[in-house]
Amino acid sequence: PPHSLTTLSAALEEVRVIPAYLPNGLALKEAVQKARIWLQEVEIFQSSNQHPPVETLVELVTRGHTIPVCLDPLPQLESLYADVESWKDCAAKTFLKKNSCCSLYEVLCPRSDICATGLKKKIKKSKECLQNGKGKVPKLESVATFNEARLKEMELFRSLQTANSIKLLSDAECMETKVCVCKKAATGSMLQCQLCKDWFHSSCVSTVNVHHGELPWLCPLCLRSEKPSFEQMLPLLSTLQKIPVRLSEGEALNYVFERAMNWQHRTKQLLSRDELRLARMTSQVAIQTCQGISKQMAATELEKRVAEGNLQVRLEL
Ligand SMILES: [Zn+2]
Ligand SMILES: [Zn+2]
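Heads up: the sequence shown begins at 1 in full-length UniProt numbering, then just goes up one per residue.
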C-alpha cells in the first residue's frame, strides 16, 4: 500500500542529506510534490462556499489515483463520486425509457431538435457515447439560458403544430401528404399526437397509453422520456440537495421541476378564473354565444398550457 505523506516527506529529508545522485530520490520528490498540490486543491474543493462542478471532483479522484502516496481524503471523494453516480442512475431510471436514445441531460433540457418539417428522428447512439458526452445538447449554464431554451422550444412546437394541423384538411391532401414515422400517406385508423399534432398509423405506433385514457396520446417522437409524477421526483430532488457538487443534470432537473410547478399553478388559476366567470354569466342568464366565446378563449389558453404540460412531467389537476 502507498505510504503516507509524512513518512515520504521524512524519507525525502533523508535523501537530501545523501551526497549522491539518486534517481529514485527524484521520483520520490516528484510524488511528494504532486501529493501536496493535490491535497491543497482538495482543501479548496471542500471548503468552497459554492458547490464546485462535478467535473472538478472527477478530475481530483482520477489524479488522486495516479499519485503513489496514501491520500487521506481520497476515499471520501470516491464515496462522494459514488453518490453522484447512484443519483444519476436513479434519475435515469425515473426519466429515461427503456433503450432510450437520449441522455438524461437531454430529456431534462428543453428540446432544440425540432424543425417545421417534424421532429428529428434520432439515430441510436451507443451507451458509451451517451455516457461520455452530453451528445450535441449544448450545456445550459444559467436559469436565463434555460428560459431562453424553453421559449425557443415552445415557439418551435407551435410552428410544428401549425404545420401539422393543416396537413390533412382535404381528401386530396390525405393522399399526398406524408405523415407518421413511416412518412407515408394517411390510411386506415389514424391517431393524432396531442403535442406535435401530426398523424400516425395505429399499426406503426404503440397504442399502449391510448386505451388507458389517462394521459393524452403522444407520438414516439414527442414522448422521448417517461413522465414521472411529482411524488416520484421529490426523492430525487432531496437527494440532490445533499450532494455538495454541481451537476448539470441536477440543474436541469431543478428547472424541470420549477417549470412543472409553475405550469400547474398557472393552469389551476386559469381554470378557477374561468369557472368563476362562467358561473357569473350563467347566473345572469347570459347569452349563450358569450359563453361559447369565453369557453373557446379558455380552450385556446388551455391548449397552450397543455402543449407545455405534455413536455416532461406528468401533471395532475
Ligand atoms: Zn405509419
Ligand atoms: Zn408528436
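Positions of the beta carbon are idealized from the N, C-alpha and C atoms, including for glycine.
- In this chain, the beta strand (DSSP E) harbouring leucine 191 covers 190-192.
- For tryptophan 199, the enclosing beta strand (DSSP E) starts and ends at 199-201.
- Looking only at Lys183, Ser79 and Ser103, the smallest Cα-Cα distance to leucine 253 is reached by Ser103.
- Residue environment: arginine 273 is assigned as exposed (fewer than 16 neighbouring CB atoms within 10 Å of its CB, all protein chains considered).
- Secondary structure of isoleucine 18 (DSSP, three-state): coil.
- DSSP places cysteine 90 in the uninterrupted alpha helix (DSSP H) bounded by 74-95.
- Here the alpha carbons of alanine 279 and leucine 271 stand approximately 12 angstroms from one another.
- DSSP, reduced to helix, strand and coil, places serine 9 within a helical segment of the structure shown.
- The distance from the Cβ of leucine 236 to that of cysteine 196 is about 28 angstroms, inconsistent with a contact at the 8 angstroms cut-off.
- Ordered along the chain, residues surrounding ligand 1 are Cys180, Cys182, His201 and Cys204 [Cβ under 5 angstroms from any heavy atom].
- In chain order, Phe200, Trp217, Leu218, Cys219 and Cys222 place their CB closer than 7 angstroms to the CB of cysteine 193, counting only its own chain and leaving out the 5 sequence neighbours on each side.
- Residues with their Cβ less than 5 angstroms from any non-hydrogen atom of ligand 2, running along the chain, are Cys193, Leu195, Cys196, Cys219 and Cys222.
- Comparing C-alpha distances from serine 189 to each of Glu55, Val205, Thr177 and Lys183 shows the shortest one belongs to Val205.
- Shortest Cα-Cα distance from glutamate 55 to any of Ile166, Tyr81 and Thr267 involves Tyr81.
- In this structure, Cys109 is the residue among Pro68, Thr94, Cys109 and His51 with its C-alpha nearest to the C-alpha of glutamate 148.
- In the three-state DSSP reduction, lysine 184 falls in the strand class (E or B).
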